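**Q**
Protein chains in written order, with the numbering used here: chain A, 41 to 192; chain B, 13 to 148.
1. Give, in chain order, every residue of the segment 67-96 of chain A whose Cβ lies closer than 7 Å to some Cβ of chain B.
2. DSSP three-state call for residue 182 (chain A): helix, strand or coil?
3. So with CB distances below 7 Å, who are the chain A contacts of residue 134 (chain B)?
4. With DSSP collapsed to three states, give me the class of residue 95 (chain B).
5. Count the other CB atoms, across all protein chains shown, that sit within 10 Å of the CB of residue 174 (chain A); report buried if there are 16 or more and exposed otherwise.
6. When DSSP labels each residue in this structure, what does residue 106 (chain A) get in the three-state scheme?
7. Just to confirm, are residue 140 (chain A) and residue 102 (chain A) a CB contact at a threshold of 8 Å?
8. Could you tell me which residues DSSP pairs with residue 164 (chain A) in its beta bridges?
9. When DSSP labels each residue in this structure, what does residue 123 (chain B) get in the three-state scheme?
10. Grab the span of the alpha helix (DSSP H) containing residue 71 (chain A) for me, first residue to last.
11. Based on the DSSP output, what are the partners of residue 173 (chain A) in its beta bridges?
12. Please compile the residues from chain B whose C-beta is within a distance smaller than 8 Å of the C-beta of residue 64 (chain A).
13. Using the DSSP secondary-structure output, state which residues sit across from residue 17 (chain B) in a beta bridge.
14. Drop a sphere of 10 angstroms on the beta-carbon of residue 95 (chain B), count the other beta-carbons inside from all chains shown, and report buried for 16 or more, exposed for fewer.
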């Protein structure tokens with residue numbers, strides 16, 4: 041068995057791509073953490089301790105909406121760092137800006153069918169002492185293995 | 013992860029105290045292995061024997077009983093009720109070395125009823141992602 045991401049790297053040359061949808065993981069994570077707190081008498085909620093952020097895997101889509109937003113609002117492209125903004129959103133430091141929400145709006149494919157993007161769940165701790173736990177929760181979520189077979 | 017949870021919450025417990033964690037293949041993969049094993053044994057023992065229709069019927073009946081009993085044992089193992097028997101371990105070792113190893117699943121069950129909901133939620137979280145492959 042090969043971990044999902046390694047396998048994606050490995051098989052990209054054979055035109056096989058594995059899509060991971062983590063949309064349902066956000067609620068499942070909140071519920072699990074809330075239950076841990078409840079069961080062990082901790083008067084906290086998941087949102088008090090962790091930032092959970094769901095993002096599309098393809099950052100190009102965000103990039104396109106970012107560029108469009110800059111242009112439409114006449115903002116100097118050098119005044120805002122795209123990568124830095126993405127990093128801050130991922131870590132829960134800032135809320136998703138308007139152009140990110142725009143990028144995530146449902147789209148249709150060439151055939152007019154709703155298209156789905158791969159998504160990843162990012163978990164970060166609001167205080168440093170819980171950082172190892174945040175890392176382990178994410179590791180646990182993506183610990184399942186997936187194998188694709190391509191004949192041809 | 014669960015140990016770290018307990019540590020962070022100041023709970024003096026370990027994952028093993030609260031949950032049973034078992035990795036298994038699906039029931040069908042064990043049945044397939046046991047069938048292969050049985051066939052190999054029969055071939056070795058009764059190579060030259062002819063089998064009558066009555067015997068075949070009996071055999072089929074036995075197979076279906078075995079299938080049920082295998083499924084029951086696998087379920088009990090998954091629920092943490094019994095330890096994994098040797099034939100399950102042997103089947104997994106065998107499957108690992110085949111060209112197409114079957115999928116495996118992690119089963120989480122609570123050792124006491126008050127943690128059943130938590131076990132269910134941990135399991136739901138683990139399998140909350142969906143994956144699909146696209147071939148170009």
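Even for Gly, the Cβ is constructed at its ideal location relative to N, Cα and C. Predicted model only: the values in this text are computed from it and were never measured.
**A** By the coordinates alone:
1. For the segment 67-96 of chain A, the set of positions with a beta-carbon nearer than 7 Å to some beta-carbon of chain B reads 68, 69, 71, 72, 75, 76, 79, 80 and 82 in chain order.
2. Coil, per DSSP.
3. Here the neighbours are 72.
4. The DSSP-derived three-state label of residue 95 (chain B) is coil.
5. By the neighbour-count rule (16 or more Cβ atoms within 10 Å), residue 174 (chain A) is buried.
6. Of the three classes helix, strand and coil, the one that applies to residue 106 (chain A) here is helix, per DSSP.
7. Yes, the pair counts as a contact, with Cβ atoms nearer than the cut-off.
8. Partner(s): A:91.
9. Collapsing the DSSP output to three states places residue 123 (chain B) in coil.
10. Per DSSP, residue 71 (chain A) is one residue of the alpha helix (DSSP H) stretching across 65-79.
11. DSSP lists no partner for residue 173 (chain A).
12. In chain order: 140, 141 and 142.
13. Its beta-bridge partners do not exist; DSSP assigns none.
14. Answer is exposed; the Cβ neighbour count stays below 16.
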